[in-house]
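So the structure is just underneath, and the comments pick up after that.
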Amino acid sequence: MAGVHQPVVTSRPGSDLTTILQNVSRTLTPDDNGKKLVCRAEHEALDSPREVARQLVVNYPPKRLEAGPITIFGLKLGAEGRLNVTVRASPAPRAQWTLGELVLEPPRTTDGVSALEPVALGGGYYNMTLVLERVSKDDVARSIGLRVLNELGQEDFVVRLSTMDEPPAQKPKTSFLIIAVYGKRQISICHACEAWRRA
21 MAGVHQPVVT SRPGSDLTTI LQNVSRTLTP DDNGKKLVCR AEHEALDSPR EVARQLVVNY
81 PPKRLEAGPI TIFGLKLGAE GRLNVTVRAS PAPRAQWTLG ELVLEPPRTT DGVSALEPVA
141 LGGGYYNMTL VLERVSKDDV ARSIGLRVLN ELGQEDFVVR LSTMDEPPAQ KPKTSFLIIA
201 VYGKRQISIC HACEAWRRA
């Protein structure tokens with residue numbers, strides 16, 4: 021593991037005890053959320069290794085990997101339209117949809133538009149859903165705003181509707197490396213282990 025520091029060994033005056041202190045530091049990512057960190061101590065005087073485990077809780081603001089406007093394809097005029105946007109956040113995010121002057125926060129239904137509660141998909145991913153009872157020409161012509169927020173920040177998106185089929189993915193002529201940066205978090209874990217000195 022990166023960031024494992026050298027142990028610091030100290031002794032107490034007049035005591036046979038030795039204390040070993042070791043720090044571990046790591047730059048956390050959303051993928052570390054829920055992982056278990058284990059500190060294991062071994063000594064010849066112990067019958068078996070001793071372990072202390074802690075589950076990591078990593079919090080970060082809402083984020084969507086794809087940048088730019090979001091287009092929902094394949095909608096039909098006069099039929100129900102379901103807009104799904106997936107984001108990643110911890111703790112759980114809240115959604116706020118904006119259609120012109122109308123602002124909806126789940127769970128709420130008005131004028132044939134329903135804002136549903138975010139659905140947890142696992143791994144910190146959440147589905148934000150807006151349901152239009154009937155898709156109109158006005159819906160296709162306008163942009164819909166989506167704000168996703170939690171205690172650590174917020175992210176704003178623009179959602180557009182289309183009655184056309186989603187175009188096939190095109191192979192890029194060049195290769196790119198895409199890096200999603202969620203912000204740096206660092207942890208420092210320390211655990212003290214005491215063992216008897218052997219004579």
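My numbering runs 20 ahead of the 1-based position in the sequence shown.
Glycine included, every Cβ here is placed at the ideal spot set by N, Cα and C.
It should be emphasised that the depicted structure is a prediction, and the values quoted were computed from it without experimental measurement.
Beta-carbon separation (whole angstroms), Phe177 vs Ile90, contact threshold 8 Å: 6 Å
Helix, strand or coil at Lys96 according to DSSP, with G and I counted as helix: coil
Lys83, enclosing beta strand (DSSP E) - first and last residue: 80-83
Anticipated Cβ contact below 8 Å, Pro113 with Val168, distance rounded: 5 Å
Nearest-angstrom Cα separation, counted from Leu103 out to Thr39: 58 Å
Expected contact under 8 Å - CB spacing of Gly94 and Asp159 to nearest Å: Not a contact, Cβ separation roughly 14 Å.
Boundaries of the beta strand (DSSP E) in which Ala115 is found, first to last residue: 114-119
Local Cβ density within 10 Å of Glu99, reported as buried at 16 or more and exposed below that: Rather than Glu, the amino acid found at residue 99 in this sequence is Ala. Exposed, because fewer than 16 other Cβ atoms sit within 10 Å of the Cβ of Ala99.
Whole-Å CB distance - Ala157 paired with Leu97, under 8 Å assumed: Looking at the sequence shown, residue 157 is not Ala but Lys. Sure, about 7 Å apart at Cβ, within 8 Å.
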